[in-house]
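Below is one structure, written out as structure tokens; comments come after it.
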Amino acid sequence: MMIFSLDNNSKTPLYIQMYTEIKKQIQNGNFRADERLPSKKNFMEHYHISQSTVQNALYLLLEEGYIYSIERRGYFVANVENMVTTPFLCEHKTKEENIQKIKYDFAYSGVDAQSIPKTIFKRITRDIYEEQNEDLLFQGDIQGYFPLRESICQYLLNSRGFSVNPSQIIISSGIEYLFYIIFKIFEKKFMVWKIPVIRCYENYLHPIK
């Protein structure tokens with residue numbers, strides 16, 4: 001039986017530990033080419049691990065060419081004598097520049113990861129999936145998530161006194177695309193844009209003389 005240790009308390013998944021140990025033994029020449037590996041059942045009983053753990057480890061070894069399978073016979077050690085096992089070393093070095101730190105970064109990429117309430121987000125995500133909401137499996141409404149548009153209508157009514165219909169609201173992933181939609185809706189209308197204008201929107205505007 002192939003002997004190696006698995007740590008149940010490690011942060012590394014068991015199947016990764018198993019895959020790493022078997023690969024190491026094959027690379028060290030502890031097993032000859034075409035030598036048969038223990039069966040899945042033997043691995044499971046000897047190391048007290050699940051079938052999925054064994055399958056995932058063997059799948060990774062198959063993908064990397066360390067073993068091969070024969071139907072109804074099992075898994076065998078591949079000929080890895082000519083296999084390149086030296087890790088690739090990237091010689092590219094990132095150029096260090098003195099970039100001035102921005103005190104307040106309002107870009108999407110400038111979110112402070114430490115300030116995100118991860119526990120709350122995880123709970124909300126779990127609650128959403130536990131509701132078995134089938135809408136998550138399909139493409140959403142082209143104008144945006146309908147319940148969200150309904151909530152926006154209610155908010156506008158309560159806070160601004162605007163009575164609007166969900167069909168009048170369009171939700172997009174970015175401001176630029178929203179302006180593109182607006183310009184297409186009013187394509188033949190006379191439009192005036194207050195200066196200064198954001199450069200990326202100028203292509204959508206007709207010159208006004």
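The sequence shown: position 208 = 208 (full-length UniProt numbering), numbered continuously. Every residue, glycine too, gets a C-beta built ideally from N, C-alpha and C. On a predicted model such as this, the values are computed, not experimentally measured, just so you know.
- Its Cα nearest to that of E71, the residue S39 stands out among K101, S39, D127.
- S159 and L148 have their alpha carbons spaced roughly 16 angstroms apart.
- For A57, the closest of L14, F121, E150, K101 by C-alpha to C-alpha distance is L14.
- In this structure the region 113 to 133 does not touch the region 72 to 82; the number of beta carbon pairs closer than 8 angstroms is below three.
- Y180 and Q25 have their C-alpha atoms some 59 angstroms from each other.
- Residues Y66 of the same chain have their beta carbon placed closer than 6 angstroms to that of K23, with the five preceding and five following residues left out of the count.
- With fewer than 16 other Cβ atoms inside 10 Å of its own Cβ, Y177 counts as exposed.
- Judged by DSSP in its simplified three-state form, F179 adopts helix.
- F76 has R36, Y68 as its beta-bridge partners, per DSSP.
- The Cβ atoms of Q143 and I170 lie closer than 9 angstroms to each other.
- Excluding residues up to 5 positions away in sequence, C153, L156 lie with their Cβ nearer than 7 angstroms to the Cβ of V164 in the same chain.
- Annotated three-state conformation of Q143 is coil, per DSSP.
- Judged by DSSP in its simplified three-state form, Q100 adopts coil rather than helix or strand.
- When DSSP states are grouped into helix, strand and coil, S151 belongs to the helix group.
- If you look at N56, you'll find it in the alpha helix (DSSP H) that goes 51 to 63.
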